[in-house]
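**Student:**
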Amino acid sequence: MSLFQRLRDALGLNEEYEEYYYPDEETVQEPYLEEDHSSRRKALPSNVIGLPGLMMEVILMQPRSFEEIPDAVTALRERKAIILNLNYMDVDQAQRCADYVAGGA
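In my numbering, the protein residues as written are 1 to 105.
1) M55: which of L11, R8, S2 and E78 sits nearest, CA to CA?
2) What is the residue span of the beta strand (DSSP E) that A81 lies within?
3) Could you give the first and the last residue of the continuous alpha helix (DSSP H) run that contains V101?
4) Provide the residue span of the beta strand (DSSP E) that contains I59, from first to last.
5) Taking the continuous alpha helix (DSSP H) assigned at Q5, which residues delimit it?
6) Can you tell me which of C97, L11, P45 and E30 puts its alpha carbon nearest to the alpha carbon of A68?
7) If we call anything under 7 Å between Cβ atoms a contact, is R64 one with Y88?
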């Protein structure tokens, strides 16, 4: 018997458990109890902290060509958050736009 085998035996990691099946046993299903989650939400404090005096502007842009992308970089430089929806563009052109905006930021 190896050292590791004896160590596992000492820690009880090598025990083999046999599951016994009794066909006459019936499983009892307990009724499902619905939990009231609304009280849980109210009890937990919010992790969101508002910053007084700071007005953040979010801009949603849906460019259809690369020529509209410099406006997004300008908005980023003005410390505005932008959301770019590139679904209306070709995949290669959308990748080019994402790279341009990432480089401009």
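Glycine is no exception: its CB is placed at the ideal position from the N, C-alpha and C atoms.
**Tutor:** Quick look at the numbers:
1) Nearest option by C-alpha distance: E78.
2) That run of the beta strand (DSSP E) goes A81 to L84.
3) Here the alpha helix (DSSP H) through V101 covers V91 to G104.
4) Per DSSP, I59 is one residue of the beta strand (DSSP E) stretching across V58 to M61.
5) Annotation for Q5: the continuous alpha helix (DSSP H) segment containing it runs L3 to L11.
6) Strictly speaking, residue 68 in this sequence is Glu, with Ala absent from that position. Out of C97, L11, P45 and E30, C97 has the C-alpha closest to the C-alpha of E68.
7) Contact flag set, yes.
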